[in-house]
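Here's the structure we're looking at; comments come further down.
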Amino acid sequence: MTTLGQVVLGLLMAVGLVGIVLPVIPGLVLIVGVAIFWASQVGGVGAWVLVGFMAVVAAIGTWVKYQVPGRELAALDLSAATWVLAAVGGIIGFFVVPVVGLLLGAVLGVYLGQRRDHGTHAAAWDSTRRVLNGVGKGIAIEFAAGFVAVATWVAVVVVCF
Numbered sequence: 028m029t030t031l032g033q034v035v036l037g038l039l040m041a042v043g044l045v046g047i048v049l050p051v052i053p054g055l056v057l058i059v060g061v062a063i064f065w066a067s068q069v070g071g072v073g074a075w076v077l078v079g080f081m082a083v084v085a086a087i088g089t090w091v092k093y094q095v096p097g098r099e100l101a102a103l104d105l106s107a108a109t110w111v112l113a114a115v116g117g118i119i120g121f122f123v124v125p126v127v128g129l130l131l132g133a134v135l136g137v138y139l140g141q142r143r144d145h146g147t148h149a150a151a152w153d154s155t156r157r158v159l160n161g162v163g164k165g166i167a168i169e170f171a172a173g174f175v176a177v178a179t180w181v182a183v184v185v186v187c188f
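Written out as structure tokens, the structure reads:
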């Protein structure tokens, strides 16, 4: 594979990292998919071992991403109405505000659900902040896994290919 081709694939992996933070693209899936394409073009056991490592890192990152915030969110005991409002807010926000609307709408939905459940602004906002903290940890965990996978790919490509 040419250097230009590898640079383009590296940029696609960077888009995957951005997709983790701005959930428009399934970031880890894109990163591993690009790595699989790269290995199919380069060939060799080393390339496929690298892809296997990247896939394991992505799988572990995905699992941990749901475990850590999941415990925190379960402790909050959010009502079903809050989850529905968050989902509806995210969907509406996605279409109303480009790029960040999904996040803004979901946050507004969580706040409205918590305001409905708790009655006061202070309690609703405190609960919303705790939800955001849990979700933020999940994003950070997934980004770390993606970064480790991409950084490993870059290091191996620079040194070996």
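The sequence shown runs 28 to 188 under the working numbering.
We treat Cβ as the ideally placed atom computed from N, Cα and C, and that holds for glycine.
Burial state of residue i (16 or more Cβ within 10 Å)
i           : result
residue 30  : exposed
residue 138 : buried
residue 109 : buried
residue 162 : buried
residue 182 : exposed
residue 147 : exposed
residue 54  : buried
residue 154 : buried
residue 172 : buried
residue 59  : buried
residue 117 : buried
residue 74  : buried
residue 68  : exposed
Identity of the residue in the options nearest residue i by Cα
i           : options            : result
residue 52  : 121, 149, 157, 133 : 121
residue 43  : 183, 164, 174, 147 : 174
residue 93  : 181, 176, 170      : 170
residue 184 : 46, 57, 62         : 62
residue 13  : 136, 64, 164       : For the chain, the structure presents residues 28 to 188; residue 13 sits outside this window and is missing.
residue 178 : 78, 70, 133        : 78
residue 45  : 123, 132, 167, 186 : 167
residue 113 : 141, 133, 124      : 133
residue 106 : 145, 129, 186      : 145
residue 89  : 66, 64, 47, 125    : 47
residue 124 : 157, 149, 49, 143  : 49
residue 57  : 68, 188, 38, 69    : 38
residue 156 : 119, 99, 115, 128  : 99
residue 140 : 128, 127, 158      : 158
residue 160 : 130, 96, 150, 32   : 96
Three-way DSSP call (helix, strand, coil) for residue i in this model
i           : result
residue 144 : helix
residue 52  : coil
residue 27  : The structure shown has nothing for residue 27, since the chain only spans 28 to 188.
residue 28  : coil
residue 170 : helix
residue 106 : coil
Test: residue i CB closer than 7 Å to a CB of chain D
i           : result
residue 113 : As a matter of chain content, chain D is missing from the structure shown, which is built from one protein chain.
- Where are the beta strand (DSSP E) runs, 3 residues long or more, that stay fully inside the segment 60 to 104, in chain order? none
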